[in-house]
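Beneath this line is the structure, given in structure tokens, with notes to follow.
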Amino acid sequence: MKRTVLVNILIIVAGALLFIPGTGSVPLFDWDEINFAESAREMLVTGDWFNVKINFESFWEKPPLFIWMQALSMKVFGVGEFAARFPNAIMGILTLLLLFNAGKKVEDERFGLLWAGMYLMSFLPFFYFKSGIIDPWFNFFIFLGILFFSRYADGNACGHRMLNASLSAAAIGLGILTKGPVAFLIFALTFFVWLCIRKFDFRFRWRDVAAFFLVLCLVGGSWFLLLVFSGHGEVVRDFIDYQIRLFQTKDAGHGGFLLYHFVILFFGVVPASIFALPAFRRHILSGESNGRMANLFRWMMVSFWVVLILFTMVRTKIVHYSSFCYFPLTFLAAYAVSRTLDGRFSFKRWQSILLIYCSVVYGLILTGLTLFDRIKDKIIPLVDDPFAVSCMEATSQWHGFEPAVGTVLVVTTAAACILFRRKGTLGPLVLLGAGNVFFLMTAILCCVGEVEKYSQASAIDFYIERRGEDCYVQPAFFKSYAQYFYTDRQPENACEDFEWLARGDIDKRCYFVVKDIPEDLERFIGSVPDAKLIDRSPGFVFFVREKANAGGGESDDQ
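Every letter in the sequence shown is one number past the one before it in this note's numbering, and letter 535, counting from 1, is 1000.
What follows is the structure, encoded as structure tokens:
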């Protein structure tokens, strides 16, 4: 017991040291990060914690649970990047604790550490705990719901069945309050496929079913029912329409090829994805004597394929849509590694080659970024996108040691692979994890901010300069949430009627932000003939239109 408590404390400390530092060092990225953070900021501005808003108008795409967390964080730490991302840093710690304790319960402490370690050292899972997007919490609740239900369905389990069913429903309900009914859809599809595999051989009690749906409705439906009873039923209808549209269209311009999420998971969840590959072979459980492990293995395998196939079918392709798969994929990796340590599996040469290859690719990408300013003159003539060319005019400031970080990743990966093939002990895995975490932390603390200069940095700086000014700020011909958050927009400056801002008798100064694209600039000048050019930065051009004076002319006050 004392050892378990100590390990949990060490996990908390390690998670805090890894996930909290640097959380607010880089501006939030459009769209998702700024979207949610802005909704949280507007809750503080308006004092309305019930209705989610964007630009002080109803925002029906997401329920409020995660946004409440961000708003509370901003209440404590102040409005900013750190507060917006802090809830996910806490989720990183909670996830490691859950994986360790779930793994320990299903087998032993070693398996729990392997599961948490595989999650921690893999690339995309680590990055997500440094972000301000909803999915880490959303995935956590779905996974927790499946985990509790797997215990309920375990034929070897005794007692606490209603408790496990209720906890499962509560977790899925919280998932619904975090991102919507897709939480229940994923759970229901996983359960259905699991039933099919078992040929519908499943024992249950009707009182457990009643308890499950009662808790699910009370938790997951609470906010939606309150919306309806308070006369905001149109928000619920718009929310449902949006969820349907995501499955039918390439929403927000995010399309992709059919196997998009297969590629993302393979290369983004390295090294866990490569360690997990042997666990996908047929009859993998034929020699498994641990009934609890076999039960959880089936649930993890089913949930992995359900989510992967589901979002392969969805036409909207965004990286984090398949992020729930990080849980079962790291479980399968931990399972394969644990059985390798036990001598049941062997670590193959092709796995070593894949791990080293991926480390070389990531190392070269990092090195290439640090050398970009030296070679961009040769790259620019090959780029057809004028906006990208304009963004490339930015200049980054590297410290000079960054290429060595990629070298450390390659060397530690190669050494770990060699040692693991020879000895098959935990030591090489610790070395591999240390190299990966060092690479990831350095990339986040030293590199992401420099890369951001080539995308949105100049626009963000312009918005920050307008903070506190009583004015309108309007992007022209592109969608963004950044102008809301970084100008600290107030309700009186929320107008986005482009025609009025461009040609009407505006009552205050209006700034326009245009992407540095010749066609957009020509179109803007034709639409806003009296706008004055005030600045041009990499990627963007900035204009101002002064308020109309009493005689209908333009004010000279700037």
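Each residue gets a CB set at the ideal place from its N, CA and C atoms; glycine is no exception. On a predicted model such as this, the values are computed, not experimentally measured, just so you know.
- Closest in alpha carbon position to Ser811, among Phe885, Ala634, Gly1004, Ser923, is Phe885.
- Contact check for Ser504 against Phe524 passes: the beta carbons are separated by less than 8 Å.
- Collapsing the DSSP output to three states places Ala924 in a helix.
- For Phe1008, DSSP records a beta bridge to Phe977, Leu998.
- Within its own chain, the residues whose Cβ lies closer than 8 Å to the Cβ of Phe942, once the five positions on either side in sequence are excluded, are Val979, Lys980, Asp985, Arg988, Phe989, listed in chain order.
- With contact defined as three or more Cβ pairs closer than 8 Å, the region 750-760 and the region 819-836 are not in contact.
- Beta-bridge partners assigned by DSSP to Glu522: Ile519.
- Rounded to whole angstroms, Phe704 and Leu692 show a C-alpha spacing of 12 Å.
- If you draw a straight line from the Cα of Gly640 to the Cα of Arg626, it is about 21 Å long.
- Counting only runs of at least 3 residues, the region 593-634 fully encloses no beta strand (DSSP E) element at all.
- Sorting Glu753, Tyr725, Ser751 by C-alpha distance to the C-alpha of Leu773 places Tyr725 at the top.
- A contact is defined here as three or more CB-CB pairs under 8 Å, and the region 864-872 fails this definition with respect to the region 939-953.
- For Pro983, the enclosing alpha helix (DSSP H) covers residues 983-992.
- Counting C-beta pairs with one atom in each stretch, the region 908-916 and the region 849-868 have three or more that are closer than 8 Å, which means they touch.
- Ala959 sits in coil when the DSSP states are folded into three classes, being neither helix nor strand.
- Within the same chain, Cβ atoms closer than 6 Å to the Cβ of Trp514 are found at Met508, the five residues on either side in sequence being excluded.
- Under the three-state reduction of DSSP output, Gln862 falls in the coil class, being neither helix nor strand.
- Burial check for Glu498: the Cβ neighbour count within 10 Å reaches 16 or more, so the residue is buried.
- As a beta-bridge residue in DSSP terms, Ala941 pairs with Val979.
- Listed in chain order, the alpha helix (DSSP H) runs fully inside the region 756-830 are 756-778, 791-806, counting runs of at least 4 residues.
- Shortest Cα-Cα distance from Pro528 to any of Trp602, Phe592, Tyr919 involves Trp602.
- In the DSSP annotation of this structure, the continuous segment of the alpha helix (DSSP H) that includes Trp580 starts and ends at 574-586.
- Between the region 763-778 and the region 568-586, the count of C-beta pairs closer than 8 Å stays below three; the two stretches do not touch.
- Taking the C-beta atoms as reference points, Ser738 is found nearer than 8 Å to Leu794.
- Ranked by Cα distance from Ala744, the options Lys782, Thr777, Tyr800, Ala922 are led by Tyr800.
- Distance from Ala636 to Gly610 at the Cβ level is roughly 4 Å; contact confirmed, criterion being Cβ atoms closer than 8 Å.
- Inclusion of Asp970 and Ala1013 in the CB contact set at 8 Å is warranted, their separation being smaller than that value.
- When only Cα atoms are considered, Asn520 and Glu957 end up about 10 Å apart.
- For Ala502 and Thr469, the gap between their C-alpha atoms comes out near 36 Å.
- Ile476: member of the alpha helix (DSSP H) spanning 467-484, first to last residue.
- Taking a 10 Å sphere around the C-beta of Met857, we find 16 or more other C-beta atoms and assign the residue as buried.
- With contacts defined by Cβ atoms closer than 8 Å, Ile599 and Lys644 form a contacting pair.
- A distance of 8 Å or more separates the beta carbons of Gly889 and Leu819.
- Scanning Glu522, Asn553, Val541 for the CA closest to the CA of Leu530 turns up Asn553.
- Per the Cβ contact rule, the region 829-846 is not in contact with the region 773-790 (fewer than 3 Cβ pairs under 8 Å).
- Non-local C-beta neighbours of Gly557 in its own chain, meaning closer than 6 Å and more than five positions away in sequence, comprise Gly480, Phe484, Phe594, ordered along the chain.
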